[in-house]
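Worksheet for the structure shown next.
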Amino acid sequence: MNPDHPEKAVDDAQAESPAVDVELPDEANDPAADLAELQAKADENWERYLRAAAETENVRKRAARDVENAHKFALERFGKELLGVKDTLEMGLAAEGASVESLIEGSDATLKLLGSVLERFGIVEIDPAGEPFDPEFHEAISMQPSADVEPNSVLTVVQKGYTLNGRLLRPAMVIVASE
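Residue numbering for the sequence shown follows the working numbering, beginning at 357 and increasing consecutively.
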């Protein structure tokens, strides 16, 4: 090192040390700009989250409203069909001077109309007279000895049962034959 020439000393020192690339800070590495960019991304993601949460809530409310309406109006078509049966019964009761035979005939027609409405909606009658006792569809209220019917068969049907599309609505109440 030469004290008379300080510039020469700096040149010598640079020549002896390895070259290091140092980047000077510019706008791309500005912490304030980085923070602003990250805040903008966070705000955008928060807005997307709020929209998704609102949409999810709307779907939930719409589904709950649809289920409520389905429960309220599920029997609408069935009810309309039963109104015809009710009208027929009312006409029969309002008939003046009707004979017993015509009242019985009208009752039979009304019963057939009711049966056809029930069948249209999948309600099927269980009338197990003479069939083997089936605890899935029959409810035994008593047992009675019988020589005419095989043991464990339905001897008498006290009350008919019904199924709805194959699912039991009400079991048939029966008296079962014993030995």
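Yeah, the Cβ is synthetic: ideal placement off N, Cα and C, and Gly gets one too.
Going by beta carbons, V480 and Y518 fall inside the 8 Å limit. Following the DSSP letters along the chain, one finds L459 in no beta strand (DSSP E) but inside the alpha helix (DSSP H) bounded by residues 456-476. Here the region 495-510 does not lie against the region 451-467, with fewer than 3 beta-carbon pairs under 8 Å apart. Of the candidates L445, L431, R476, P488, P488 places its Cα closest to the Cα of E506. Taking a C-beta distance under 8 Å as the contact criterion, V514 and V532 do not qualify as a contact pair. The three-state secondary structure of A389, taken from DSSP, is helix.
The C-beta distance from K516 to D483 rounds to 5 Å, short enough to fall under 8 Å. Inclusion of F477 and F429 in the CB contact set at 8 Å is not warranted, their separation being larger than that value. In the DSSP assignment, G440 falls within the unbroken alpha helix (DSSP H) covering 432-450. S498: member of the beta strand (DSSP E) spanning 494-501, first to last residue. In the structure shown, V530 adopts extended strand secondary structure according to DSSP, grouped into three states. Ranking G448, L438, G486 by CA distance to the CA of E475 puts L438 first. A direct Cα-to-Cα measurement between P387 and A410 gives close to 34 Å. Judged by beta-carbon spacing, T466 lies within the 8 Å limit of T444, meaning their Cβ atoms are closer than that value.
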